[in-house]
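**Q** Residue numbers (UniProt numbering): 1 to 289.
Virtual Cβ for every residue (Gly too), placed ideally from N, Cα, C.
Here it is: the structure, laid out below.
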Amino acid sequence: MTGLSPAGRTVDGGSDNRAETIAHLRRRMAALHAVPSPGDGQGVRPVREPEVPRNRPARENPARENPIPAPARTAPARTAPTPAPNTARPLATLPGLAGILPAGGIERGAVTSLSGSRALLVGLLAEVTAHGGCAAVVGHPGLGLLAAVEMGADLARIALVPDPGADHVGVAAVLLDGMDLVVLDLAGASVPPSRSRAVVARARSHGAALVVTGGEWEGAAVRIDARVGAYEGLGAGRGRVHGMRLDVRARGRAFPARSGAMVLRHRGGGTGWTAGHPEPTAGEARRGA
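Here is the structure:
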């Protein structure tokens with residue numbers, strides 16, 4: 001091996017030379033502490049920690065002398081407001097019925113009471129689902145789905161709850177969260193105002209319409225009654241029915257009673273509704289005479 005001799009020359013390795021080289025290196029390392037600094041004639045002193053003057057008062061609040069810059073405040077991120085449910089636009093409704101309703105159709109965010117012919121109820125379901133809406137029927141286990149299909153209903157958009165149990169109003173209230181139209185059969189029950197107000201508030205918050213049948217709903221916005229006025233196609237004791245006229249009457253808290261008529265006829269491979277003319281009542285007939 002090679003090493004550094006005391007004179008700085010290369011020498012062959014050996015135990016004596018190695019010991020001498022190590023001793024020489026130690027002497028040189030010790031001499032570093034005695035090398036004078038350039039221009040001051042003094043030896044190099046060991047580095048010491050700086051001393052704090054005793055007469056300097058202690059800092060009461062270091063943060064005041066060397067304040068840490070506060071992070072820049074940024075405005076909180078603004079999220080788009082949740083759009084309010086569209087309760088101004090009524091549900092798609094049938095010809096002849098739109099003309100007697102103040103909103104031009106079944107109102108969203110409100111309760112409509114329906115009585116009389118079930119054909120009108122089936123027609124409402126068909127019209128709403130044919131226009132892309134979703135509906136649910138609570139109760140009405142014998143609802144005529146075939147008639148609904150013939151009127152153009154989309155059964156994939158109709159949810160049926162034929163046996164809702166004891167709390168049928170509660171079931172309907174839950175369905176209001178995701179449906180455009182909920183039909184509820186009250187089965188002869190009467191809903192008190194305290195319960196009806198809570199359900200109406202839920203319907204309004206979700207932009208859904210509730211149609212009730214077969215009972216009493218306190219505070220219903222609109223009440224519609226439909227009765228069969230006449231059948232088309234029947235002669236003197238014979239013939240085939242190819243049409244039916246419904247005489248409809250609507251009344252509400254904010255408008256007087258109005259009357260109209262709707263005609264259901266065979267059309268193509270199904271049936272369809274058109275606006276009709278109701279027969280005059282006995283009082284109207286006497287005034288006309």
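Give the C-beta separation of G96 and A275 to the nearest angstrom, bearing in mind that I take them to be a contact with Cβ-Cβ under 8 Å.
**A** For this step, residue 96 is matched to residue 96 along the sequence shown. For this step, residue 275 is matched to residue 275 along the sequence shown. The pair is a contact, with the Cβ atoms about 4 Å apart (cut-off 8 Å).
**Q** Residues in its own chain within less than 7 Å of V149 by CB, not counting five upstream and five downstream?
**A** Here residue 149 is taken as the residue at index 149 of the sequence shown, counted from 1. Excluding sequence neighbours, V149 sits near L155.
**Q** In this structure, does DSSP put I106 in helix, strand or coil?
**A** Your numbering for residue 106 matches position 106 in the sequence shown. Three-state result, I106: coil.
**Q** If distances are taken between C-alpha atoms only, which option among H140, R258, L181 comes closest to M204?
**A** Counted from its first residue, the sequence shown places residue 204 at position 204. The amino acid at residue 204 is misidentified as Met; the sequence shows Arg. Closest by alpha carbon: L181.
**Q** What does a CB cutoff of less than 6 Å around P102 pick up in its chain, not counting 5 residues either side in sequence?
**A** What you label residue 102 is simply residue 102 of the sequence shown in a count that begins at 1. Only F255 meet the Cβ criterion.
**Q** Can you tell me the Cβ-Cβ gap for H168 and L145, rounded? I've got them flagged as a contact below 8 Å.
**A** On the sequence shown, residue 168 is found 168 positions in, with the first residue counted as 1. On the sequence shown, residue 145 is found 145 positions in, with the first residue counted as 1. Between L145 and H168 the Cβ distance is about 20 Å, and since that is not below 8 Å, they are no contact.
**Q** Buried or exposed: A257, going by 16 or more other Cβ atoms within 10 Å of its Cβ?
**A** The residue given as residue 257 occupies position 257 in the sequence shown. The residue is exposed, with fewer than 16 neighbouring Cβ atoms inside 10 Å.
**Q** Return the CA-CA distance between T271 and R227, expressed in angstroms with no decimal places.
**A** Translated into the one-based positions of the sequence shown, residue 271 becomes position 271. Translated into the one-based positions of the sequence shown, residue 227 becomes position 227. Cα to Cα, T271 sits roughly 18 Å from R227.
**Q** Using DSSP with H/G/I as helix, E/B as strand and the rest coil, what is S259?
**A** Looking up residue 259 in the sequence shown gives position 259. Three-state result, S259: strand.
**Q** Taking 6 Å as the limit between beta carbons, can you name the residues of its chain near L175, skipping five residues before and five after?
**A** Locating residue 175 in the sequence shown gives position 175, counting from the first residue. Result list for L175: A136, V182, in chain order.
**Q** Counting along the chain, where does the alpha helix (DSSP H) carrying S194 start and finish?
**A** For the purposes of this step, residue 194 is identified with residue 194 of the sequence shown, where counting begins at 1. Where S194 is concerned, the enclosing alpha helix (DSSP H) stretches over 193-206.
**Q** Should R89 be labelled buried (16 or more other beta-carbon atoms within 10 Å of its own) or exposed?
**A** Position 89 of the sequence shown holds residue 89. Exposed is the call here.
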